[in-house]
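In our numbering, the protein residues as written are 3 to 116. As structure tokens, the structure follows; a few thoughts come after it.
In structure tokens:
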């Protein structure tokens, strides 16, 4: 992370209801679903707008394919859409292949805030 940049993890923590959540001033939701092979796939996207003009999209793609895994496969992505008044956000995009990896990343960066 460069010197003046803000951490994406801090914004993600706010999105998940942690420190900084009060800085979210707007949300826009979009959902789509389709059939793929033998399962139904659902994509949920939410764009979060912060009081400094930053806009971040959190996307979650899941399917209804039966899984016995403790952390079922899903695709979760955080993507910076607008920097607003931020000097920069690092990284600009972060993806996970299940909710457990996302939760670990948030815990690992628990000390970061916006």
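Idealized CB from N, CA, C, for every residue including glycine.
Counterpart residues of residue i in DSSP-defined beta bridges
{"i": "residue 28", "result": "51"}
{"i": "residue 92", "result": "9"}
{"i": "residue 45", "result": "34, 63"}
8 Å Cβ cutoff met for residue i and residue j
{"i": "residue 37", "j": "residue 49", "result": "no"}
{"i": "residue 24", "j": "residue 57", "result": "no"}
{"i": "residue 64", "j": "residue 44", "result": "yes"}
{"i": "residue 35", "j": "residue 47", "result": "no"}
{"i": "residue 19", "j": "residue 51", "result": "no"}
{"i": "residue 100", "j": "residue 76", "result": "yes"}
{"i": "residue 95", "j": "residue 104", "result": "no"}
{"i": "residue 7", "j": "residue 116", "result": "no"}
Cβ-based burial, residue i [other Cβ within 10 Å; buried from 16]
{"i": "residue 30", "result": "exposed"}
{"i": "residue 4", "result": "Low confidence applies to residue 4: its pLDDT is 47, below 50, so where it sits in the model is not reliable enough to give any reading."}
{"i": "residue 67", "result": "exposed"}
{"i": "residue 110", "result": "exposed"}
{"i": "residue 1", "result": "The structure shown does not extend to residue 1, since the chain is modelled only from 3 through 116, so no value can be given for it."}
{"i": "residue 39", "result": "exposed"}
{"i": "residue 16", "result": "buried"}
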